[in-house]
Ligand SMILES: C[S@@+](CC[C@H](N)C(=O)[O-])C[C@H]1O[C@@H](n2cnc3c(N)ncnc32)[C@H](O)[C@@H]1O
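If you want it as structure tokens, here you go:
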């Protein structure tokens with residue numbers, strides 16, 4: 058079996074469409090994981106994955122790349138916070154927000170803290186999704202280590218976290234603003250009528266046509282005037298093709 062056939066096997070076995078991910082990068086990663094677990098041939102790796110649950114989990118964890126932190130790229134989050142206040146909170150209606158590919162929840166909880174700071178008495182709804190069910194369990198728990206909360210300002214840390222040994226646990230007030238569910242950006246339909254969609258540091262792993270299809274679907278899922286917040290290396294050059302205007306460097310507005 059070669060790596061392209063392996064991708065097909067992964068799709069049948071795990072329902073993950075690896076052919077949508079950039080091949081060079083993905084194949085390099087798979088080969089490096091195989092060598093780490095001590096197998097040379099793809100067939101042997103498949104045999105290992107078939108019989109060993111821990112190896113399957115390891116493979117899925119590795120493929121999904123869950124690295125994240127609260128207020129990732131803090132200066133860009135400041136910009137988002139300003140835009141939320143200026144453009145989305147002008148009326149007092151609750152906002153509908155989607156944090157797509159949310160990993161362990163640091164991103165949706167960062168947004169929940171921003172909203173609780175500037176619009177505390179409104180019942181905003183944040184839906185946070187990811188393809189990885191294990192990571193969503195961690196997100197629901199809301200327990201973090203120092204490196205993950207290093208960008209959280211002291212006043213927010215004191216207000217919204219409880220320190221327990223070396224863990225920082227997010228308080229229920231913030232936790233209750235976010236609902237987590239499993240969702241695959243490539244294979245599933247998107248919900249509609251969002252005021253804000255946050256999708257950062259995942260489409261960089263996808264092939265260009267897949268990325269474009271995702272931006273088109275995001276645009277269709279946003280309300281007119283709604284915002285799309287992308288990662289710090291993910292400027293959308295053809296944003297006009299999807300019905301966006303540029304609102305700031307990494308924020309696009311649906312027109
Ligand atoms: C690098 S993390 C980004 C987390 C967060 N958005 C951030 O910027 O800090 C990428 C996340 O994308 C998720 N992911 C990968 N492929 C996906 C897909 N097809 N659909 C939904 N989520 C996916 C992974 O499970 C992982 O949690």
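Numbering (our numbering), first residue to last: 58 to 312.
Idealized CB from N, CA, C, for every residue including glycine.
Since the model is a prediction, treat every value here as computed from it, not as a measurement.
is_contact[residue i, chain B] using C-beta, thresh 7 Å
i: residue 71; result: Of the chains in the structure shown, none is chain B; there is only one protein chain.
Extent of the continuous beta strand (DSSP E) to which residue i belongs
i: residue 157; result: 153-157
i: residue 145; result: No beta strand (DSSP E) contains residue 145, which DSSP labels as neither H nor E.
i: residue 185; result: 182-187
i: residue 287; result: 279-287
i: residue 253; result: 251-256
i: residue 226; result: 224-227
i: residue 309; result: 308-311
i: residue 219; result: 218-221
i: residue 198; result: Note, residue 198: premise wrong, no beta strand (DSSP E); alpha helix (DSSP H) at 190-198.
i: residue 291; result: Premise fails: residue 291 is in no beta strand (DSSP E) and is neither H nor E.
Backbone CA spacing between residue i and residue j [nearest angstrom]
i: residue 277; j: residue 249; result: 7 Å
i: residue 290; j: residue 273; result: 19 Å
i: residue 262; j: residue 214; result: 32 Å
i: residue 135; j: residue 309; result: 15 Å
i: residue 92; j: residue 117; result: 16 Å
i: residue 133; j: residue 307; result: 8 Å
i: residue 251; j: residue 101; result: 45 Å
i: residue 163; j: residue 228; result: 13 Å
i: residue 293; j: residue 195; result: 31 Å
i: residue 287; j: residue 170; result: 19 Å
i: residue 217; j: residue 178; result: 16 Å
i: residue 312; j: residue 282; result: 6 Å
i: residue 230; j: residue 166; result: 10 Å
i: residue 70; j: residue 60; result: 15 Å
i: residue 131; j: residue 256; result: 16 Å
i: residue 138; j: residue 97; result: 48 Å
i: residue 107; j: residue 222; result: 38 Å
i: residue 219; j: residue 72; result: 38 Å
i: residue 184; j: residue 198; result: 16 Å
Residues near residue i by beta carbon distance below 6 Å, same chain, minus five either side
i: residue 253; result: 154 and 284
i: residue 172; result: 181
i: residue 90; result: 119
i: residue 200; result: 224 and 226
i: residue 63; result: 99
i: residue 305; result: 136
Integer-rounded CB distance, given that residue j should sit under 8 Å from residue i
i: residue 260; j: residue 128; result: Residue 260 to residue 128, Cβ: 20 Å. No contact.
i: residue 66; j: residue 94; result: That pair is no contact at about 17 Å.
i: residue 75; j: residue 88; result: Their Cβ separation, rounded to whole angstroms, is 13 Å, which puts residue 75 and residue 88 out of contact at 8 Å.
Other residues of its chain near residue i: CB distance less than 7 Å, five sequence neighbours each side excluded
i: residue 77; result: 243, 263, 264 and 267
i: residue 303; result: 296 and 309
i: residue 125; result: 160, 161, 163 and 164
i: residue 300; result: 276, 311 and 312
Residue interval of the alpha helix (DSSP H) (run including residue i)
i: residue 70; result: 60-71
i: residue 119; result: 110-121
i: residue 164; result: 163-175
i: residue 205; result: 203-206
i: residue 92; result: 80-93
Residues near residue i in its chain [Cβ-Cβ closer than 8 Å; skip 5 each side]
i: residue 123; result: 160, 161, 189 and 192
i: residue 271; result: 242, 243, 256, 260 and 263
heavy atom of ligand 2 below 6 Å from residue i C-beta
i: residue 129; result: By its list of ligands, the structure shown excludes ligand 2, since it contains just ligand 1.
Checklist entry - Taking three-plus beta-carbon pairs below 8 Å as touching, is the region 237-247 in contact with the region 175-192? => result yes
Next on the checklist: With three or more beta-carbon pairs closer than 8 Å as the criterion, would you say the region 104-113 touches the region 146-161?
Outcome noted: no
Checklist entry - Does the count of Cβ pairs from the region 196-208 and the region 139-148 closer than 8 Å reach three? => result no
Next on the checklist: Any contact between the region 223-240 and the region 154-166? By contact I mean 3 or more CB pairs, one from each, below 8 Å.
Outcome noted: yes
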